[in-house]
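A short write-up of the structure that comes next.
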Amino acid sequence: MPEGHTLHRLARDHDGLFRGQVLRVSSPQGRFADGAARVDGQQLDRVSAYGKHLFYEWGSGDVIHVHLGLFGKFFAHPDPAPAPRDTVRMRLTGTAHAVDLIGATECTLTDPAGVAAILARLGPDPIRRDGDPELAWPKVQRRASPIGMALMDQSVIAGVGNVYRAESLFVHGIHPEVPAREISHDQWLGLWTTLRTWLRRGVRDRVIITVPRAELGRPRGPIGRGEALWVYKQERCRRCGTPIRRWDLGGRWAYACETCQPRP
DNA sequence: AAGAATGTTATGTA
DNA sequence: CTACATAACATTCT
Numbered sequence: 436m437p438e439g440h441t442l443h444r445l446a447r448d449h450d451g452l453f454r455g456q457v458l459r460v461s462s463p464q465g466r467f468a469d470g471a472a473r474v475d476g477q478q479l480d481r482v483s484a485y486g487k488h489l490f491y492e493w494g495s496g497d498v499i500h501v502h503l504g505l506f507g508k509f510f511a512h513p514d515p516a517p518a519p520r521d522t523v524r525m526r527l528t529g530t531a532h533a534v535d536l537i538g539a540t541e542c543t544l545t546d547p548a549g550v551a552a553i554l555a556r557l558g559p560d561p562i563r564r565d566g567d568p569e570l571a572w573p574k575v576q577r578r579a580s581p582i583g584m585a586l587m588d589q590s591v592i593a594g595v596g597n598v599y600r601a602e603s604l605f606v607h608g609i610h611p612e613v614p615a616r617e618i619s620h621d622q623w624l625g626l627w628t629t630l631r632t633w634l635r636r637g638v639r640d641r642v643i644i645t646v647p648r649a650e651l652g653r654p655r656g657p658i659g660r661g662e663a664l665w666v667y668k669q670e671r672c673r674r675c676g677t678p679i680r681r682w683d684l685g686g687r688w689a690y691a692c693e694t695c696q697p698r699p
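Written as structure tokens, this is what we have:
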């Protein structure tokens with residue numbers, strides 16, 4: 436489910452809801468991260484996101500590292516929260532709200548050194564102010580493998596997932612199989628700028644929208660998940676009508692309009 | 001009820 | 001060291 440904007444959204448929500456509160460952190464059946472009892476009753480100092488990683492920083496100096504993987508989710512409960520279902524990995528209980536974490540691939544106790552180690556293997560994150568496309572550029576330039584793989588490689592650029600990959604390559608007219616090293620510097624900066632804009636907008640909207648409302652013919656009203664995309668999970672290209680090709684690229688589905696994005 | 005889904009990592013082979 | 005394939009793992013929804 437999550438791409439980078441979702442994690443930044445969650446960090447903002449949870450930081451706002453729980454910052455400075457003394458929390459009860461628990462889970463049924465002892466399924467919670469090893470050593471998590473250490474943060475039970477601690478104050479939550481800060482919640483931050485980098486790429487698709489979430490960090491819950493506690494007054495004790497402990498950090499809980501969360502990665503949602505493909506289908507991790509948080510459920511918010513107003514007070515009084517129901518009993519957690521048995522797949523809940525973590526429940527944050529504040530004064531008036533609780534949130535339950537489900538399905539995460541990673542939910543572990545670490546510390547600032549552990550956080551640094553994780554950040555060290557991530558590329559720049561376009562959402563962040565300090566994100567720098569030039570840090571990623573040498574890696575892109577060196578790769579013979581497809582640009583569609585480089586965009587999903589979190590050590591090249593952090594926060595991009597399958598939807599943003601498909602959509603950003605489409606709007607720049609780049610076929611996903613173009614070797615990364617054949618991307619021009621201008622194209623790279625263009626992709627970066629597009630991704631930065633979309634990811635930041637996604638934090639606000641809580642949904643990925645890549646097709647402008649004018650193009651959609653929907654000047655107002657809410658836009659649902661997957662309703663405003665150019666090629667991802669689409670039958671036909673929204674621009675030219677060509678059937679969208681879908682194929683496996685690095686273990687994930689790639690989507691492209693091979694008229695708008697000519698094959699290399 | 002099988003299979004898909006807005007991921008990542010470890011491991012094996014070339 | 002790079003490239004690529006495969007498997008493992010997390011859970012819910014249709």
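Going from the first sequence to my numbering is simple: count from 1 and add 435. All residues carry an ideal CB built from backbone N, CA and C; glycine is no exception. It should be emphasised that the depicted structure is a prediction, and the values quoted were computed from it without experimental measurement.
Quiz item: Unbroken alpha helix (DSSP H) runs of length 4 or more, entirely within the stretch 529–570: which are they?
Solution: Listed in chain order, the complete alpha helix (DSSP H) runs (minimum 4 residues) inside the stretch 529–570 are 547–555.
Exercise. With a threshold of 16 other CB atoms inside 10 Å of the CB of CYS692, please say whether the residue is buried or exposed.
Key: Numbered from its first residue, the first sequence carries residue 692 at position 257. It counts as buried.
Self-check item: Assigned exposure category for GLU492 - 16 Cβ within 10 Å defines buried
Solution: The count along the first sequence starts at 1 and reaches residue 492 at position 57. Per the 10 Å Cβ criterion, buried.
Practice problem: Can you say whether ALA531 is buried or exposed, counting buried as having 16 or more other CB atoms within 10 angstroms of its CB? | Solution: Start at 1 with the first residue of the first sequence, and residue 531 comes out as number 96. Around the beta carbon of ALA531, a 10 Å sphere encloses fewer than 16 other beta carbons of the protein chains shown; the residue is thus reported as exposed.
Quiz item: Can you pull the DSSP bridge partners for PHE509?
Solution: For the purposes of this step, residue 509 is identified with residue 74 of the first sequence, where counting begins at 1. According to DSSP, PHE509 bridges with LEU536.
Practice problem: Classify ARG524 as buried or exposed, calling it buried when 16 or more other Cβ atoms lie within 10 Å of its own Cβ. | Solution: Position 89 of the first sequence, counting from 1, holds the residue named residue 524. So ARG524 ends up on the buried side.
Self-check item: Continuous beta strand (DSSP E) stretch holding ASP480: start and end
Solution: Locating residue 480 in the first sequence gives position 45, counting from the first residue. DSSP places ASP480 in the uninterrupted beta strand (DSSP E) bounded by 479–485.
Quiz item: What are the start and end residues of the beta strand (DSSP E) that includes ALA689?
Solution: Taking the first sequence and counting its residues from 1, the one referred to as residue 689 is at position 254. Element bounds for ALA689: 687–691.
Self-check item: Coarse secondary structure for LEU586, derived from DSSP in three states
Solution: Working through the first sequence from its first residue, we reach residue 586 at position 151. Correct three-state label for LEU586: coil.
Quiz item: On the premise that LEU626 lies in contact with SER416, defined as a C-beta separation below 8 Å, what is that separation, rounded to the nearest angstrom?
Solution: Residue coverage of the chain in this structure runs from 436 to 699, which leaves residue 416 outside it and unanswerable.
Quiz item: Going by the CB atoms, is the gap between HIS443 and PHE509 shorter than 9 Å?
Solution: Here residue 509 refers to the residue found at position 74 of the first sequence. Here residue 443 refers to the residue found at position 8 of the first sequence. For PHE509 and HIS443, no; Cβs fall outside 9 Å.
Practice problem: For GLY549, I'd like the list of residues in its chain whose CB is within less than 8 Å of its CB, leaving aside the five on either flank, ordered along the chain. | Solution: Position 114 of the first sequence, counted from the first residue, corresponds to residue 549. Cβ within range, chain order: VAL498 and HIS500.
Quiz item: So the beta strand (DSSP E) LEU458 belongs to, where does it begin and stop?
Solution: Walking along the first sequence from the start, residue 458 turns up at place 23. Careful: LEU458 lies outside any beta strand (DSSP E) and carries neither H nor E.
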